[in-house]
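In terms of the UniProt record's numbering, the sequence shown has 218 at position 218, counting the first letter as 1, and numbering is strictly consecutive.
Working notes, structure below.
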Amino acid sequence: MARRDPLSEYNAKRDFGKTPEPAGKAESSAGGDLFIVQKHDATRLHWDFRIEVDGVLKSWAVTKGPSPDPDIKRLAVRTEDHPMSYAEFEGTIPKGEYGGGTVMLWDRGTWAPIAGKSAKDLDKGHLHFTLDGERMKGEWLLIRLKPRPGEKRENWLLRKIADEHAQEGDGLVERELTSVLTGRSMAEIAADKAGEYSLAGKKDDAFLAQMEKAAAHNAGKSRKRKAGRSAPLPKFRKPQLATLVDDVPSGNRWMHEIKFDGYRALVAVKGKDVRVYTRNGKDWTDKFSPLVKAIAALDLPPSLIDGEIVATDGDGNPSFSALQAVLKRGHGAQKAGDALEFHAFDLLELGGEDLAALPNIERKERLEALLGTADAPIHVADHVIGAGEKLYRTMCDAGQEGIISKTIDGTYASRRSKSWVKVKCTRRQEFVIVGWKKSSAKGRPFASLLLAQNEGDKLVYKGNVGTGFDATTMDDLAKRLRPLERKTAPVEVDRTSARGVTWVSPKLVAEIAFAEFTADGNVRHGSFVGLRGDKKSADVVPEKAAPAPEEDEPVAISSRERVIFPDSGQTKGDLADYYAAVAPIMLPFAARRPISLVRCPQGRAKKCFFQKHDSGSFGDAVHHVPIREKDGGSEDYLYVEDLRGLLQCVQMGTIEFHGWAARSDAVEMPDRMIFDLDPDEGLGFDDVKTAATDIRDRLADMGLVSFAMLSGGKGVHVVVPLSTGHSWDEHKDFARHFAEALSLAEPDRFVATMSKAKRKGKIFIDWLRNQRGSTAVLPYSARARSGAPVAVPIAWNELKTMDNAHPFSIDDAKRLLDRAGSKALAGWGFAEQSLPEY
1 MARRDPLSEY
11 NAKRDFGKTP
21 EPAGKAESSA
31 GGDLFIVQKH
41 DATRLHWDFR
51 IEVDGVLKSW
61 AVTKGPSPDP
71 DIKRLAVRTE
81 DHPMSYAEFE
91 GTIPKGEYGG
101 GTVMLWDRGT
111 WAPIAGKSAK
121 DLDKGHLHFT
131 LDGERMKGEW
141 LLIRLKPRPG
151 EKRENWLLRK
161 IADEHAQEGD
171 GLVERELTSV
181 LTGRSMAEIA
191 ADKAGEYSLA
201 GKKDDAFLAQ
211 MEKAAAHNAG
221 KSRKRKAGRS
231 APLPKFRKPQ
241 LATLVDDVPS
251 GNRWMHEIKF
261 DGYRALVAVK
271 GKDVRVYTRN
281 GKDWTDKFSP
291 LVKAIAALDL
301 PPSLIDGEIV
311 ATDGDGNPSF
321 SALQAVLKRG
331 HGAQKAGDAL
341 EFHAFDLLEL
351 GGEDLAALPN
361 IERKERLEAL
371 LGTADAPIHV
381 ADHVIGAGEK
391 LYRTMCDAGQ
401 EGIISKTIDG
411 TYASRRSKSW
421 VKVKCTRRQE
431 FVIVGWKKSS
441 AKGRPFASLL
451 LAQNEGDKLV
461 YKGNVGTGFD
471 ATTMDDLAKR
481 LRPLERKTAP
491 VEVDRTSARG
501 VTWVSPKLVA
511 EIAFAEFTAD
521 GNVRHGSFVG
531 LRGDKKSADV
541 VPEKAAPAPE
551 EDEPVAISSR
561 ERVIFPDSGQ
571 TKGDLADYYA
581 AVAPIMLPFA
591 ARRPISLVRC
601 PQGRAKKCFF
611 QKHDSGSFGD
621 AVHHVPIREK
631 DGGSEDYLYV
641 EDLRGLLQCV
651 QMGTIEFHGW
661 AARSDAVEMP
671 DRMIFDLDPD
681 EGLGFDDVKT
691 AATDIRDRLA
701 DMGLVSFAML
711 SGGKGVHVVV
721 PLSTGHSWDE
731 HKDFARHFAE
741 ALSLAEPDRF
751 VATMSKAKRK
761 GKIFIDWLRN
771 QRGSTAVLPY
781 SARARSGAPV
791 AVPIAWNELK
801 TMDNAHPFSI
811 DDAKRLLDRA
821 GSKALAGWGF
831 AEQSLPEY
């Protein structure tokens, strides 16, 4: 059988009567180890990386050029093999021919696989090698990406390995702008279309003529860019939104960008005509007139650009407060330092072409080509591939909001999508305790602590913290603070902040977790972590956030296609995706509580069972807490802290999550009371809704705020959040007495015992959920029932509109996320209130 010519594809694509490229045959160089890089200004500017293997040049088109930074991975698209004679080609491929455009020989040298490896590794999808070129040196790595279904092109990643030749950033391609063969620039090469250039040296008398040709060439490119200007000004479309997640996605499938702290904006432009739309479609063109002028000056073809409008603070960092201040003043009253910036990160339309169906990475490339020459205040948001954790840590250390991560191959969808995710920063710092405010709740020694940090030679007030304490911690703090009490304030505060404060000498140091500093320097959403006995108060100063922990490997969900809800068709993968989506709104209720799992390894139609203990088979993110049993011994109970923990449970066949009414770090301190209204089969859901509302009113009479949750089954849970400080016996006795009192008051409607015989025609007020060791289904947990329903928090005014207790399923993650952010559910499930005396 005749051996296939490795250059047949190369030769077939070219008409050598029209292109100056060399035709060729397979032949080896003297050393058999040549590599070259050619800068190629074709449809899009790229760098062709080529290495000699078996007498031909194996080739990849590298977007944005090779980077010497190990943290920057470049997309490298495999192209056809080229002949060895191409190693010295430099010139212009005519317009209309394959690869038409200017080619520069940008680098050349030799290559070698590292010890123990060979060029045959390319067939396995990777190659680890060294380069000894004029510009590229040291160790490098090529990795083939898994193809998408139906994808024809072969995508790889080119990455520098950390060594003495590694450099930070993209200075290599930014700095090296001339040919290693002739010393010419791209413009000079483009001007020499007739091949008049002599490799022995430039013709001095032809220099000006070449520059004129270069100018003509550039003008031609400009005319090409203006093609399609007959298309109309693009219309607004709903932007793609990112799903909030806890962890930075890892792997080469993801590209990561800075999450800018500003206003999302879609910019429609056609030459001088510019419109700026908010994410909701409002025309705010007039509000951003300085940016509009800058965009209009670019004279762009019809385009729809997605991005963020920001203003910077005094340190040059994006600041939402600064942006609001600028907008409040108005563009007509701006002052020095009020400059607005537009950071573009996506391109949806160009010249009448809808780009939404293209992969993220390709749309980004087109955006960079469109705005690559733009100057401030117009910017293209840079991105990194596969190095999200480092970018995330950098942003958090710099006090920024976080990052946005996007799948490289994802398309643009005008909705919230898991192909775009956002990861926000969490901060922890040390503060000096300078005072406390009295609590109105019985048994609670204080409501909040006042915080400060040393700045220069004085303490500066940094706000209050009122959460994160259990009863033991509060008592211990109260004892420590009492001997430190003083009459005068150790910090300067306004009258409002000082009202009702007992001041203390600044001796105790506390570690506080918080979301951010407010504009006036106070902590926002602070939570007490613990005292730092190893720190002196004089050493407590504002500091950069600690680096985030190293990223764990993603949870692998096996058998994703297995149907676990046979009547409605949802699979194990669907369930995992649901929990991944709702984790941000579920974890506030599920994290750090002892849990019992309903596991159905073969699906809900098969055998299901409860599990609350574990021998360690679930995974590293499913934790254990030892809990004392009735017999005096102890058993390890399960709890999770994050999305990984939830997904590792799902991987082991979990459908439902049920939680204790206490946290895993304070199992003897219940903080949540639940009345589960379970109707007899003969009753309708309207009866349950009325009963829940009546119980809410009775609890309100006792001074307790309660919330409603649809169980995902037949009933409604009435949830009463409580401050810790009472025992399990008190917790259980209150719940029992309340249920019994209601059943005695209305015996025709309610029953407080489990007896089936006594429940006929009535609603059982299940108070038994409030015993030590008992559990209740957690908010947003799926249920192992027909249709894959979920337990869903609901506002009281919504309850009357519901037809049953299972209106949502695991297919409704987006709706649930949207609902959770609504005003109606703001603060659902949280209230500072103590168990009343009875």
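Glycine included, each C-beta is placed from N, C-alpha and C at the ideal position.
In this text the structure is predicted, and so the values were computed from the model without any measurement.
A824 and K146 have their C-alpha atoms roughly 44 Å apart. C-alpha of G603 to C-alpha of W767: approximately 30 Å in a straight line. Apart from sequence neighbours up to five positions away, the residues of its chain that approach E168 with a beta-carbon distance below 7 Å are D69, ordered along the chain.
Residues L825 of the same chain have their beta carbon placed closer than 7 Å to that of R819, with the five preceding and five following residues left out of the count.
Around the beta-carbon of M673, 16 or more other beta-carbon atoms lie within 10 Å, marking it buried. By a beta-carbon distance limit of 8 Å, N11 contacts A23. Their separation comes to about 6 Å. In the same chain as R135, and ignoring 5 residues on each side of it, the C-beta atoms closer than 8 Å to its own belong to V37, W106, D107, L172, E176, V180, in chain order. Contact check for S568 against G787 passes: the beta carbons are separated by less than 8 Å. The beta strand (DSSP E) runs of length 3 or more contained entirely in the UniProt domain "ATP-dependent DNA ligase family profile" (342-424) are, from start to end of the chain, 378-380, 402-407, 416-424. Only buried fits D81, as 16 or more other CB atoms lie within 10 angstroms of its CB. For K442, the number of other beta carbons within 10 angstroms of its own is below 16, and it is reported as exposed. Within the same chain, Cβ atoms closer than 7 Å to the Cβ of K800 are found at K689, the five residues on either side in sequence being excluded. R416 sits close to K814, with the two beta carbons spaced by under 8 Å.
Residue nearest to F89 within the set V77, K95, M104, A76 is M104 (criterion: CA-CA distance). Secondary structure of M136 (DSSP, three-state): coil.
Every beta strand (DSSP E) of 3 residues or more that sits fully in the region 61-107 is shown, in chain order, as 74-82, 91-93.
In the pairwise beta carbon analysis, the region 772-781 is classified as touching the region 652-666: at least three pairs are separated by under 8 Å. Apart from the 5 residues on each side of it in sequence, A162 sits with its Cβ closer than 7 Å to the Cβ of P70 in its chain, given in chain order. In this structure H525 is not in contact with S596, their Cβ atoms being roughly 30 Å apart against a cut-off of 8 Å. Around the beta carbon of K732, a 10 Å sphere encloses 16 or more other beta carbons of the protein chains shown; the residue is thus reported as buried. Assigned with DSSP and collapsed to three states, Y578 falls in helix.
When rounded, the separation of the alpha-carbon atoms in A339 and F129 is 47 Å. By the criterion of a C-beta distance shorter than 8 Å, L367 is surrounded in its chain by I305, A344, F345, D346, L347, V380, once the five residues flanking it on both sides are discounted.
Here the alpha carbon of K160 sits roughly 14 Å from the alpha carbon of W111. By the CB criterion at 8 Å, R275 and R264 fall outside the cutoff. With distances taken between CA atoms, G386 lies nearest to L75 out of D748, G402, Q833, L75. F589 sits close to P779, with the two beta carbons spaced by under 8 Å. Around the beta carbon of G715, a 10 Å sphere encloses 16 or more other beta carbons of the protein chains shown; the residue is thus reported as buried.
About 5 Å separates the beta carbon of V598 from that of A784, a gap short enough to meet the 8 Å contact definition. In the DSSP annotation of this structure, K732 is not part of any beta strand (DSSP E); the continuous alpha helix (DSSP H) holding it starts and ends at 728-745. For K293, the enclosing alpha helix (DSSP H) begins and ends at 289-296. For the options D457, T467, F618, the alpha carbon positioned closest to that of D539 is the one of D457. Taking C-beta atoms under 8 Å as the contact rule, V493 and I512 fail to qualify, at a distance of about 17 Å. Approximately 7 Å separates the beta-carbon atoms of I433 and L451; this is inside 8 Å, confirming the contact. With a minimum length of 4 residues, the unbroken runs of alpha helix (DSSP H) contained wholly in the region 655-729 fall at 685-701.
Exclusion of the five residues before and after L122 leaves no residue of its chain whose Cβ lies closer than 6 Å to its Cβ.
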